[in-house]
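Trainee: Starting off with a structure, shown below.
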Amino acid sequence: MREQTDSSQLAARVQQIEEQLGPGTGVYWFGYRDPTLLYYLGQPVETIEGMSALLEVQQQDSGDPVLVLADRRLWDKAVARFPELPEMYRVVDTVRFWPTRQIMLMVPVGE
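Our numbering puts the first residue of the sequence shown at 884, with every later residue one more than the last.
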């Protein structure tokens, strides 16, 4: 895990991952929202509403790459409820955001 990150540094990391994934990458929040990050990204970020919606995002039909920014605490709760999630998502990076919050940057397995 990296040292504490601010919104501009997190945006730069998101953009690096987007470049690796390719054009059309959809960026999603899960249990985490930061208006300042939206400013630095300069693009919309869709919200995943509810734990079961993680299953739907991973299985989207568009074929476009997906990047999920997930709060670690909520992710752990989602995994307790849906134990198959760790097999569906791969953690690309984990950053410490603010003193106590960990943000996981994840892509579906196979991307």
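Cβ atoms here follow ideal geometry from the backbone N, Cα and C, with glycine treated the same way.
1) Could you check if Leu921 belongs to the surroundings of the ligand COA, using beta carbon to heavy atom distance under 7 Å?
2) Nearest to Ala961 by CA position, among Glu902, Phe913 and Val990, is which residue?
3) Check whether the segment 927–946 and the segment 898–905 touch, using three or more Cβ-Cβ pairs below 8 Å as the test.
4) Do Arg955 and Met934 count as a contact pair if the criterion is CB distance below 8 Å?
5) For Met934, which residues does DSSP report across the bridge?
Mentor: Taking the coordinates as given:
1) Here there are no bound small molecules, and the ligand COA is not part of this structure.
2) Phe913
3) no
4) no
5) Met934 is not bridged to any residue.
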